Amino acid sequence: MKGFDLLAILLNPEFGRMLVHGLALTLVIFVCSWLLAMSLALLLLTLRLTPSTLVQRAVAAYVSYHRNVPTLVQLMLWYFGIASLLPDNVQGWLSEHSAEALFSIIALGLCQAAYFSEDLRSGLRSIPDGQAEAARALGHGFVGSMRHVLMPQAIRNAVPALVNHSVSLFKNSSLAMAIGVVELTHAVKEIESQTFRAFESYLVATVLYLAISLLIMAGGAWLGRRYSVAGAK
Amino acid sequence: MITFSNVNKWYGDYRALTDINAEVKKGEVVVVCGPSGSGKSTLIRTVNRLEEIKSGQLLFDGHDIQAPMSSQQLNQLRSRIGFVFQSFNLFPHLSVLENIMLSPMKVRGVKRADAKSRAMQLLERVGLAAKAESYPAQLSGGQQQRVAIARALAMDPPAMLFDEPTSALDPEMVGEVLAVMRSLAKDGMTMMCVTHEMNFAREVADQVWFMDAGCILETAAPDTFFRSPQHPRAQRFLSDLRSH
Amino acid sequence: MTFVLDLYGILRDNWLLLLIGPYPNGPLGGIACTLILSVLGIALAFPLSVLLALTRLSTNRLLNWPATALVYVVRGVPLLMVILWVYFLVPLLIGRNVSGFTTMLCTLVIYEGAYLSEVVRAGILALPRGQMEAARALGHSYLGAMWSVILPQALYNMLPSMLSQFVSTIKETTLGYVINVQELTFAANQINNQLLTKPFHVFLILAVSYFVVCWTLTQWAQWLERRIAKKRRGLVAPKSSAKARAAVLEAQLDN
Numbered sequence: 516m517k518g519f520d521l522l523a524i525l526l527n528p529e530f531g532r533m534l535v536h537g538l539a540l541t542l543v544i545f546v547c548s549w550l551l552a553m554s555l556a557l558l559l560l561t562l563r564l565t566p567s568t569l570v571q572r573a574v575a576a577y578v579s580y581h582r583n584v585p586t587l588v589q590l591m592l593w594y595f596g597i598a599s600l601l602p603d604n605v606q607g608w609l610s611e612h613s614a615e616a617l618f619s620i621i622a623l624g625l626c627q628a629a630y631f632s633e634d635l636r637s638g639l640r641s642i643p644d645g646q647a648e649a650a651r652a653l654g655h656g657f658v659g660s661m662r663h664v665l666m667p668q669a670i671r672n673a674v675p676a677l678v679n680h681s682v683s684l685f686k687n688s689s690l691a692m693a694i695g696v697v698e699l700t701h702a703v704k705e706i707e708s709q710t711f712r713a714f715e716s717y718l719v720a721t722v723l724y725l726a727i728s729l730l731i732m733a734g735g736a737w738l739g740r741r742y743s744v745a746g747a748k
Numbered sequence: 090m091i092t093f094s095n096v097n098k099w100y101g102d103y104r105a106l107t108d109i110n111a112e113v114k115k116g117e118v119v120v121v122c123g124p125s126g127s128g129k130s131t132l133i134r135t136v137n138r139l140e141e142i143k144s145g146q147l148l149f150d151g152h153d154i155q156a157p158m159s160s161q162q163l164n165q166l167r168s169r170i171g172f173v174f175q176s177f178n179l180f181p182h183l184s185v186l187e188n189i190m191l192s193p194m195k196v197r198g199v200k201r202a203d204a205k206s207r208a209m210q211l212l213e214r215v216g217l218a219a220k221a222e223s224y225p226a227q228l229s230g231g232q233q234q235r236v237a238i239a240r241a242l243a244m245d246p247p248a249m250l251f252d253e254p255t256s257a258l259d260p261e262m263v264g265e266v267l268a269v270m271r272s273l274a275k276d277g278m279t280m281m282c283v284t285h286e287m288n289f290a291r292e293v294a295d296q297v298w299f300m301d302a303g304c305i306l307e308t309a310a311p312d313t314f315f316r317s318p319q320h321p322r323a324q325r326f327l328s329d330l331r332s333h
Numbered sequence: 587m588t589f590v591l592d593l594y595g596i597l598r599d600n601w602l603l604l605l606i607g608p609y610p611n612g613p614l615g616g617i618a619c620t621l622i623l624s625v626l627g628i629a630l631a632f633p634l635s636v637l638l639a640l641t642r643l644s645t646n647r648l649l650n651w652p653a654t655a656l657v658y659v660v661r662g663v664p665l666l667m668v669i670l671w672v673y674f675l676v677p678l679l680i681g682r683n684v685s686g687f688t689t690m691l692c693t694l695v696i697y698e699g700a701y702l703s704e705v706v707r708a709g710i711l712a713l714p715r716g717q718m719e720a721a722r723a724l725g726h727s728y729l730g731a732m733w734s735v736i737l738p739q740a741l742y743n744m745l746p747s748m749l750s751q752f753v754s755t756i757k758e759t760t761l762g763y764v765i766n767v768q769e770l771t772f773a774a775n776q777i778n779n780q781l782l783t784k785p786f787h788v789f790l791i792l793a794v795s796y797f798v799v800c801w802t803l804t805q806w807a808q809w810l811e812r813r814i815a816k817k818r819r820g821l822v823a824p825k826s827s828a829k830a831r832a833a834v835l836e837a838q839l840d841n
């Protein structure tokens, strides 16, 4: 062991740049896939509320697939499998425009959409029946009841689960390493293989991941408090 | 105002309502009472179509509420029927004032300022103007139910339906809710109440309907009903009540 | 149609590799390795999780804080990072190199230990406080009460959640691919690297295999949850009381 020397990593311009790039890429993947996941989850929830049993079953199948197949395998299926089915010129364009990151965002986003939609659905189901009845009795239509009475409560109920799954999504960004994206974990492994300072390199990444995860959890707790139903136990 | 003609409701072999023929005239207060499971809640919930009927006709202010119609028509009709639930069902994520303002604004298109002043008026009427910015969870049961009544009144309904409004309340809070209901009756509101509060019925009701097993077994003026009920089941019901 | 034939062809040629890996010409791999890794992982994680849950519930700060810190760190750091740490630290700690399988196993034990401890903790906290109070009133020590009264109930109630964690463990074994553990994902990648022309088919087979295993286990967990809920409501007579009733009846007949 060469003795603990954190600064050798942090102050070295080349490694510093690798770390910053890695972190930036991690954050980009996280934010983009989160936005994709949330919008898709809202769509899935809406579809699930349609009266068509076929559509409901399709959504259930979507959720079931993404919850039972490991995320890494989903990523591989997209990047190695589906990419190969695309026409050649599209494949060419993609490989010039960071296909790996793009497919990571797609795979992670689609996967988390399943979890987010289930969280929202549970949030909706935990609302007492009387709420919907009261809304209807006052003359609100289906859309009106959803918009003003049910969805606001559903989202509030779902916040803890949504925050947990957001942290999972953030951590899953590291899986992109398996298809060659140089996000934070990959960057740190590169640094380690060049400097043999495993402890210091891994420590930097660990601290960064922890800090951001805790930030997300704290942010979620703050959101939960700010929008909580005042006075509720 | 509310007319039941040969109303029936059943699921499979179970008859929830059998041959209901009755009328609530404009300005009348009708109390529906009976043992649990008698169908009184089901009956009152058919009036704003929270329950469907299988046969017969139900008219509210001349409209056939159970006829097939578009959801917009049903929503508009419902907005004209005031309904107060046993479990209040206030919207917990909105303040008291917002609870009352929401439906006039979103269902009727009333402007925010008008909705707000009307809501404050109604809160004064039920004695809760000071609680306008509070949230439902911060209120007692009696206060919540009074807000629920104000919320229903905000839509200016020609009639109000009460489904066991005081059954979920602690005894000391029953009085404040009944006081609001009494004042509504005095002002000439057409009311149909499912309730166990016999004193209230005696003071305020024009008619008492006694129900058991899905049928209206007796209809009478309160004095007649409480002093000398005709139907043996009604007699048994009243003597059970008195023995407590 | 050729698509289905291609799938069948790949399966027919490679089913053994997918099932047990290069064994006997190498270590046990494929689905067998995945399942062994998952079962061992969760079995060894289980006592660790109970220990962690109990230390987190203790009021002693010396016990509570390190345990809470460990759980939060594991929850906040990706599994891949934990793998990297274990890969680096374990050879240092025991002085010699370890196989990918062992590394993966240690990682799973730590990672699942932390997550499972949250499940156990939730199970213990969900029991009415009266249970512990009654046990203490009867003279049990805190740990004694935990062992005989609280844990049996909490763990039984949490069986469906623990089964879900097992399913998560199976999904986590896929990361062994990154450190060359010969589990199912690794086997599939080997096949793909040989065939080169049918990646979609290979990875589809891979996805479907995991789906079948995980979905079956999830269904079982849901069935268990329904059964436990019924039992709690007294609708399903436990086997032991049926036996007791039979014994009482027999005794009455003898008289």
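Chains as they are written, first to last, in the numbering used here: chain A, 516 to 748; chain B, 90 to 333; chain C, 587 to 841. Heads up, the beta-carbon is just placed ideally off N, CA and C, and yes, glycines get one too. Only a predicted model underlies this, so the values are computations on that prediction, with no experimental measurement involved.
Check                                                                                                                                                                                               : Outcome
Between residue 149 of chain B and chain A, is the shortest Cβ-Cβ distance under 9 angstroms, so that the two count as touching?                                                                    : no
Less than 8 angstroms between the CB atoms is what I'm expecting for residue 547 of chain A and residue 581 of chain A, so what's the real figure, rounded?                                         : Wrong, their Cβ atoms sit about 18 angstroms apart, outside the cutoff.
Could you tell me whether the Cβ atoms of residue 175 of chain B and residue 268 of chain B are closer together than 9 angstroms?                                                                   : no
Apply the 10 Å Cβ neighbour rule to residue 601 of chain C and answer buried if 16 or more other Cβ atoms are within range, or exposed otherwise.                                                   : exposed
Count Cβ pairs between the region 686 to 703 of chain A and the region 197 to 216 of chain B that sit closer than 8 angstroms; are there 3 or more?                                                 : no
Bridge partners of residue 783 of chain C, per DSSP?                                                                                                                                                : Its beta-bridge partners do not exist; DSSP assigns none.
Would you list the residues sitting across from residue 680 of chain C in a DSSP beta bridge?                                                                                                       : In the DSSP output, where bridge partners are listed per residue, residue 680 of chain C has none listed.
Looking only at C-alpha atoms, which of C/713, C/634, C/754 sits nearest to residue 738 of chain C?                                                                                                 : C/713
Quick check: the Cα distance between residue 649 of chain A and residue 182 of chain B, rounded to an integer number of angstroms?                                                                  : 14 angstroms
Between residue 657 of chain A and chain C, is any beta-carbon pair separated by less than 9 angstroms?                                                                                             : no
Are residue 246 of chain B and residue 134 of chain B closer than 9 angstroms when you measure CB to CB?                                                                                            : no
How would you label residue 270 of chain B, buried or exposed, when you count the other beta carbons within 10 angstroms and need 16 or more for buried?                                            : buried
Per the DSSP calculation, residue 680 of chain A is bridged to which residue(s)?                                                                                                                    : In the DSSP output, where bridge partners are listed per residue, residue 680 of chain A has none listed.
Scan the region 756 to 767 of chain C for residues whose Cβ lies nearer than 9 angstroms to a Cβ of chain A and list them as they occur along the chain.                                            : 756, 757, 758, 759, 760, 761, 763, 764
Let me check you understand the geometry: is the CB of residue 221 of chain B closer than 8 angstroms to at least one non-hydrogen atom of the ligand GTP?                                          : Looking at this structure, you won't find the ligand GTP or any other ligand, since it has none at all.
Give me the residue from A/578, A/657, A/692 with the minimum Cα distance to residue 161 of chain B.                                                                                                : A/657
In angstroms, rounded to a whole number, what distance separates the CA positions of residue 296 of chain B and residue 286 of chain B?                                                             : 14 angstroms
Determine, using beta carbons only, whether residue 633 of chain A comes closer than 9 angstroms to chain C.                                                                                        : no
Closest to residue 288 of chain B by CA distance: which of B/308, B/105, B/312, B/185 is it?                                                                                                        : B/312
What would DSSP say about residue 149 of chain B, mapped onto helix, strand or coil?                                                                                                                : strand
My output table needs one value for residue 177 of chain B: the three-state DSSP class, helix, strand or coil.                                                                                      : coil
Who pairs with residue 183 of chain B in a beta bridge, going by DSSP?                                                                                                                              : Answer by DSSP bridge pairing: none, since residue 183 of chain B is not bridged.
Go to residue 200 of chain B, then tell me how far its alpha helix (DSSP H) extends in each direction, as first and last residue.                                                                   : Here residue 200 of chain B belongs to no alpha helix (DSSP H), and DSSP marks it neither H nor E.
Given that residue 244 of chain B touches chain A, what residues does it touch there, using C-beta distances under 9 angstroms?                                                                     : 653, 654
What first and last residue would you give for the alpha helix (DSSP H) that runs through residue 593 of chain C?                                                                                   : 588 to 606
Determine the burial state of residue 716 of chain C: buried for a count of at least 16 other Cβ atoms within 10 Å of its Cβ, exposed for fewer.                                                    : exposed
Between residue 813 of chain C and chain A, is there a C-beta pair that is closer than 9 angstroms?                                                                                                 : no
For residue 115 of chain B versus residue 279 of chain B, is the C-beta distance shorter than 9 angstroms?                                                                                          : yes
From this set, C/596, C/646, C/767, C/626, which residue's C-alpha is nearest residue 608 of chain C's C-alpha?                                                                                     : C/767
Does DSSP put residue 144 of chain B in a helix, a strand or coil?                                                                                                                                  : strand
Is the shortest distance between the beta-carbon of residue 649 of chain A and the beta-carbons of chain B less than 9 angstroms?                                                                   : yes
Does the beta-carbon of residue 192 of chain B have 16 or more other beta-carbons within 10 angstroms, so that it is buried, or is it exposed?                                                      : buried
Nearest chain B C-beta to residue 605 of chain A closer than 9 angstroms, yes or no?                                                                                                                : no
Which whole-angstrom value describes the C-beta separation of residue 616 of chain C and residue 603 of chain C, a residue pair presumed to lie in contact below a C-beta threshold of 8 angstroms? : 6 angstroms
Shortest alpha-carbon distance to residue 811 of chain C belongs to which of C/742, C/757, C/781?                                                                                                   : C/742
Looking at residue 693 of chain A and residue 534 of chain A, is the spacing between their C-beta atoms short of 9 angstroms?                                                                       : no
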